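These notes concern the structure reproduced below.
Here is the structure:
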């Protein structure tokens with residue numbers, strides 16, 4: 074699986090959009106970009122994934138650059154409950170394949 | 628998203644005893660289940676991958692005789708920590724994937740403390 078690079082930490086004001094970047098310059102053509110988050114002392118929560126088109130669901134939006142070497146996860150209106158570690162992972166698009174977790178980005182939403 | 632449960636959510640045991648952790652996919656069939664371990668302030672580390680009805684594949688450095696994994700059905704996998712020692716104290720997390728889903732869904736985790 075391709076390696077990803079994320080900033081170790083970010084702050085975001087409550088109610089504002091949180092934009093979390095991820096670099097994956099060695100991504101292969103058949104690899105998807107997955108985003109998970111882990112709130113303290115809980116299991117990771119799936120957020121969103123995409124191949125090359127931008128994706129949106131009820132939780133977030135995923136913007137993938139045209140060359141697919143980087144992406145941004147957008148939480149449109151961050152709340153205190155969004156404080157968590159966010160992991161960007163690239164992997165082939167099949168549930169039977171393992172996920173390799175890096176250090177992620179610790180997002181702190183500030184009142 | 629799909630739901631995965633784990634039981635128990637936390638357990639305290641004495642050194643030398645064995646502990647079993649159950650992982651269930653509640654609303655989907657997980658042809659593949661994964662077990663992770665997470666130490667304080669560290670990221671998740673994959674321990675093993677199991678496919679329903681097959682023997683688990685363990686990551687390098689994980690003792691297969693100490694961490695027994697059974698995946699007897701498409702909705703249940705168990706992890707047994709045998710002869711647990713204090714260094715096995717950790718947060719154990721399972722996930723399920725495969726079948727009709729192209730992603731993995733995680734359980735809430737089990738906090739194991741070995742005294």
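Residue numbers (my numbering), protein chains in the order written: chain X, 74 to 184; chain S, 628 to 742. Glycine included, every Cβ here is placed at the ideal spot set by N, Cα and C. For clarity, every value in this text was computed on a predicted model and none was experimentally measured.
Just to confirm my understanding: we take residue i, look at its own chain, exclude 5 residues before and 5 after, and list those with CB closer than 7 Å. What are they?
i             : result
residue 654/S : 629, 630
residue 119/X : 109
residue 676/S : 659, 661, 683, 684
residue 141/X : 100, 125
residue 87/X  : 151, 152, 153, 182, 183, 184
Excluding sequence positions up to five away, which residues of its chain have a Cβ less than 8 Å from the Cβ of residue i?
i             : result
residue 149/X : 90, 133, 134
residue 77/X  : 95, 96, 97, 161, 162, 163, 175
residue 105/X : 122, 123, 124, 163, 164, 165, 166
residue 716/S : 739, 740, 741
Between which two residues does the beta strand (DSSP E) carrying residue i extend?
i             : result
residue 191/X : As displayed, chain X neither begins before 74 nor continues past 184, which places residue 191/X out of reach and without an answer.
residue 677/S : 672-678
residue 104/X : 104-111
residue 697/S : 694-700
residue 92/X  : 91-96
residue 656/S : Residue 656/S -> no beta strand (DSSP E), and no H or E assigned at all.
residue 644/S : Looking at the DSSP string, residue 644/S is not in any beta strand (DSSP E), and its letter there is neither H nor E.
residue 123/X : 118-123
Just to confirm my understanding: we take residue i, look at its own chain, exclude 5 residues before and 5 after, and list those with CB closer than 6 Å. What are they?
i             : result
residue 718/S : 665, 736, 738
residue 702/S : 651, 652
residue 112/X : 157
With residue i and residue j assumed to form a contact (beta carbons below 8 Å), what rounded beta-carbon distance in angstroms separates them?
i             : j             : result
residue 658/S : residue 686/S : At roughly 19 Å, the Cβ-Cβ gap does not stay under 8 Å, so residue 658/S and residue 686/S are not in contact.
residue 93/X  : residue 145/X : 7 Å
Could you tell me the distance, in whole angstroms, from the CA atom of residue i to the CA atom of residue j?
i             : j             : result
residue 663/S : residue 704/S : 13 Å
residue 720/S : residue 138/X : 32 Å
residue 697/S : residue 723/S : 14 Å
residue 103/X : residue 124/X : 8 Å
residue 668/S : residue 114/X : 10 Å
residue 170/X : residue 143/X : 22 Å
residue 165/X : residue 690/S : 27 Å
residue 157/X : residue 180/X : 6 Å
residue 127/X : residue 699/S : 38 Å
residue 136/X : residue 155/X : 19 Å
residue 731/S : residue 167/X : 9 Å
residue 85/X  : residue 644/S : 45 Å
residue 693/S : residue 637/S : 19 Å
residue 714/S : residue 670/S : 17 Å
residue 681/S : residue 734/S : 21 Å
residue 83/X  : residue 159/X : 10 Å
residue 674/S : residue 709/S : 15 Å
For the candidate residues the options, whose alpha-carbon lies nearest to that of residue i?
i             : options                    : result
residue 648/S : 640/S, 656/S, 634/S, 639/S : 634/S
residue 712/S : 734/S, 688/S, 741/S        : 741/S
At a cut-off of 7 Å, would you count residue i as near the ligand NAD, judging by its Cβ distance to the nearest heavy atom?
i             : result
residue 714/S : As presented, the structure is devoid of all ligands, the ligand NAD included, so that no description of it is given.
>> Against chain C, which members of the region 706-734 of chain S pass a CB distance test of less than 9 Å?
In response: Within the model displayed, chain C is absent; protein chains X and S are what it includes.
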